[in-house]
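Protein chains in written order, with this note's numbering: chain A, 1 to 298; chain B, 1001 to 1279; chain C, 2001 to 2277.
Have a look at the structure below, then the notes.
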């Protein structure tokens, strides 16, 4: 009887360990797999050229990733610029000023915002942001814009990363001990001064980590951005131009162009690029956030 | 001066909080007002009929059912992976274990990997094995996407299991495996919350299923059939030049939003219950 | 010429009559601790503890908080097995079997001892399932037998009449005192020989505390009972033997009378009279 129970225990332990190791290996597997599949193009062309050329003519065998990389960076940059002040101010408000009641009111809203699927954001963007840009904003600056643009992508993305930023900011601010606030307040500082000089300064690493996470989320966002960006492989010259971020490139072309082998490999390389950048950003920010002791639940 | 600054920034904070609420309201309002007009009973009770993509009758039942099939399968896979991992690192390993930290860390990273990478990688592997886009492929890839989500929220609750509850069965002479079976009962509300969150994420994700699950007008009857999914139904219908079809995309978006709303609210309900139910 | 006070004479006389005993005088101890050292990381928590616990008596371990009494108690049923950085050397014999021997089977050792924790911790299942959980994992399966077990042990802790109509209900609705008795019954149902109590009444109200104490006194005819307590009055009320610990060392062991009325060590004297706690 005891022997049977111990046997069961041992079997359970070993299979759990097995599954754990398996899933640990999964991360490596994705990385190695993507690298392996992008090898053909990496062998064929110089990596540096691939990254810095803006010639994208798959049928002639030219694969310059620059327009896609620039597009991704543009869209992400705009998204962060818009989302950062709003989420920072809101998080400060929620942790430092708001009452319990307001916080409880806000929680499900943030939940919902992070729960809305990308495709819904895309629908919303095409219905509201895109026409608004083409009819109201762009005419002041450029002759013509369809609205499907860097700016549209940036705005939609900024809404999508806001809940992520707010929840990490709130965690980071919340991890600062109460005594520090009280010490500052008792010296006659106003609440805002306390926030500025104590809270923000102390949370700097956490804030940076949160931004890095948001950046990597923005890099990888596909459907919503694809729906509002226009998807023209040029280097955008203004924020009202269409653009073509990396994930959209993969989504639009993968699965269809498999007859051209180096094309497939080029798309895999795009995926590999995304993977590497995002893993690096994630690893860095998780290291920082884990050091701030609490666990972050995003 | 000090007070003026305080006032300005407080006003700015209030404004940004209101902006966020307003944006959420605006998104919901847009989806509802655009979708409600075309949201008929047919939309949710019928699959696409003949000439559906030209604006004739039919609905997106194929996509609704397909999405649920897909996500249920994915949740099963994800639970099968994430429960053993969480139990192992929390109850077989010690708090300071380097291995446990490594596992957590790599799940944090898996959590951050975008769905398009999962989708592209998954499809490449499927091609390698000669598999066609199918319900099975979609299930596996969405399963990969939501495993880290479930694992992380499970880990969150497993960490806070009181020591007494771990020791009670052990002191009665239970093996660790028997103890874990007890702890899983205690974790039930946590698992439910995690699953609801993951369903929400899985059901709404388009990039994972874009290549791997395919698209079809029929409700799949086998794992090897391709399947329609709601996000792709929205995406494809929206791409149509015909107005009726576009309107149906809005109605489908409304359906998806309602599903997400229900999931999000019930997840919150269960996580509340979780905090109340501590023995 | 020195005058001798009559009181002093009495004390001197009494001291000479009383048998000063130590733990090595215990014949057939149920638990025998030999040279036990326990480290957590750099901290030396238990320092060369030697102790014998008499069979079918109540032994209370007392001492100021942080003295290692709970750590000692938990080492009796190898509860430190899963704690990181814990290093144990020395031997603990239970029924003449060294429980830290490599061949020792931890689940059979734990089955021999019921542990009553500081706060009651019912398992997330019904009252009935709580009681029968132990027997079930150890192989009992006949319904009638399990029911009889549940009834027997619930009666033994005086809970049967209070819960017999809601055996299938969750124990969450019981009072905290009832929950603690439920936990005691759950521990007894695996038929242990020893009951370990880790400040088992510290979370309870005085009436529930009294009930548990009375239970211990009745149970000692069948079980060896070891209790960690930080209330001296509790030790005085129910203990047969007392072990006094300080800073990880066992300072003194003796009968309750000896420790309270004729302590041999200055430290014990100071602790008993409340100089420190």
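Idealized CB from N, CA, C, for every residue including glycine.
{"Asked": "Residue-chain proximity (residue 2 (chain A), chain C), Cβ-Cβ < 9 angstroms", "Found": "yes"}
{"Asked": "Cβ pair residue 2118 (chain C), residue 2202 (chain C) closer than 9 angstroms", "Found": "yes"}
{"Asked": "Interface residues of chain B facing residue 2138 (chain C) [CB-CB closer than 8 angstroms]", "Found": "1173"}
{"Asked": "Residue 2224 (chain C) in three-state terms, based on DSSP", "Found": "strand"}
{"Asked": "Secondary structure of residue 1247 (chain B), DSSP reduced to three states", "Found": "helix"}
{"Asked": "Any chain A beta carbon closer than 9 angstroms to residue 1081 (chain B)", "Found": "yes"}
{"Asked": "Alpha-carbon spacing of residue 2200 (chain C) relative to residue 2228 (chain C), whole angstroms", "Found": "8 angstroms"}
{"Asked": "9 angstroms Cβ cutoff, residue 28 (chain A) in contact with chain C", "Found": "no"}
{"Asked": "CB contact check: residue 72 (chain A) to chain B, cutoff 9 angstroms", "Found": "no"}
{"Asked": "Continuous beta strand (DSSP E) stretch holding residue 2035 (chain C): start and end", "Found": "2031-2040"}
{"Asked": "Candidates B:1012, B:1177, B:1224, B:1195, of which the one nearest residue 2107 (chain C) by Cα", "Found": "B:1177"}
{"Asked": "Any chain A beta carbon closer than 9 angstroms to residue 2109 (chain C)", "Found": "no"}
{"Asked": "DSSP three-state assignment for residue 74 (chain A), whether helix, strand or coil", "Found": "helix"}
{"Asked": "Simplified DSSP assignment, three categories, for residue 2099 (chain C)", "Found": "coil"}
{"Asked": "Residue 1001 (chain B) - DSSP class collapsed to helix/strand/coil", "Found": "coil"}
{"Asked": "Partners in chain C for residue 1096 (chain B), counting only beta-carbon separations shorter than 8 angstroms", "Found": "2084, 2085"}
{"Asked": "Residue 2043 (chain C): contacting residues in chain B (beta-carbon distance under 8 angstroms)", "Found": "Within chain B, no residue comes near residue 2043 (chain C); the closest Cβ sits about 15 angstroms away, beyond 8 angstroms."}
{"Asked": "Beta carbon of residue 163 (chain A) nearer than 9 angstroms to that of residue 113 (chain A)", "Found": "yes"}
{"Asked": "Option nearest residue 1124 (chain B) by Cα separation, candidates A:149, A:21, A:264, A:279", "Found": "A:264"}
{"Asked": "The beta strand (DSSP E) enclosing residue 2050 (chain C), as first and last residue numbers", "Found": "2043-2053"}
{"Asked": "CB contact check: residue 2105 (chain C) to chain A, cutoff 9 angstroms", "Found": "yes"}
{"Asked": "Collapsed DSSP secondary structure at residue 1085 (chain B) in the structure displayed", "Found": "helix"}
{"Asked": "Proximity test, Cβ basis, 9 angstroms: residue 16 (chain A) and chain B", "Found": "yes"}
{"Asked": "Residue 2269 (chain C), enclosing alpha helix (DSSP H) - first and last residue", "Found": "2266-2272"}
{"Asked": "Residue of A:272, A:206, A:231 minimising C-alpha distance to residue 285 (chain A)", "Found": "A:206"}
{"Asked": "Buried versus exposed, by CB contacts within 10 Å (16 or more), residue 2161 (chain C)", "Found": "exposed"}
{"Asked": "Buried or exposed by the 16-neighbour rule on C-beta atoms within 10 Å, applied to residue 22 (chain A)", "Found": "exposed"}
{"Asked": "Where the segment 2117-2151 of chain C meets chain B: residues whose CB sits under 7 angstroms from a CB there", "Found": "2117, 2119, 2121, 2122, 2123, 2124, 2125, 2133, 2134, 2137, 2138"}
{"Asked": "Cα-Cα separation between residue 1277 (chain B) and residue 1154 (chain B), rounded to whole angstroms", "Found": "At residue 1277 (chain B), the pLDDT of 45 sits below 50, so the modelled position is not reliable; the number obtained from the coordinates is stated separately. One C-alpha to the other measures close to 16 angstroms."}
{"Asked": "Own chain, CB closer than 7 angstroms to residue 296 (chain A), minus 5 neighbours either side, in chain order", "Found": "Residue confidence for residue 296 (chain A) is low, a pLDDT of 40 falling below 50, so the modelled location carries little weight; the figure read from the coordinates is stated next. Only 168, 171, 289 meet the Cβ criterion."}
{"Asked": "Every unbroken alpha helix (DSSP H) inside the segment 1170-1211 of chain B [4 residues or more]", "Found": "1176-1204"}
{"Asked": "Opposing strand residues paired with residue 2303 (chain C) [DSSP bridges]", "Found": "Because chain C in this structure spans residues 2001 to 2277, residue 2303 (chain C) falls outside the shown range and cannot be described."}
{"Asked": "Residues in the segment 105-123 of chain A having any Cβ partner in chain B nearer than 7 angstroms", "Found": "108, 109, 111, 112, 113, 115, 116, 117, 118, 119, 120, 123"}
{"Asked": "For residue 2176 (chain C), the nearest candidate out of C:2234, C:2209, C:2188, C:2267 (CA to CA)", "Found": "C:2209"}
{"Asked": "Cutoff 9 angstroms: residue 48 (chain A) Cβ touching any chain B Cβ", "Found": "no"}
{"Asked": "Residue 281 (chain A) at chain B interface by Cβ criterion, 9 angstroms", "Found": "yes"}
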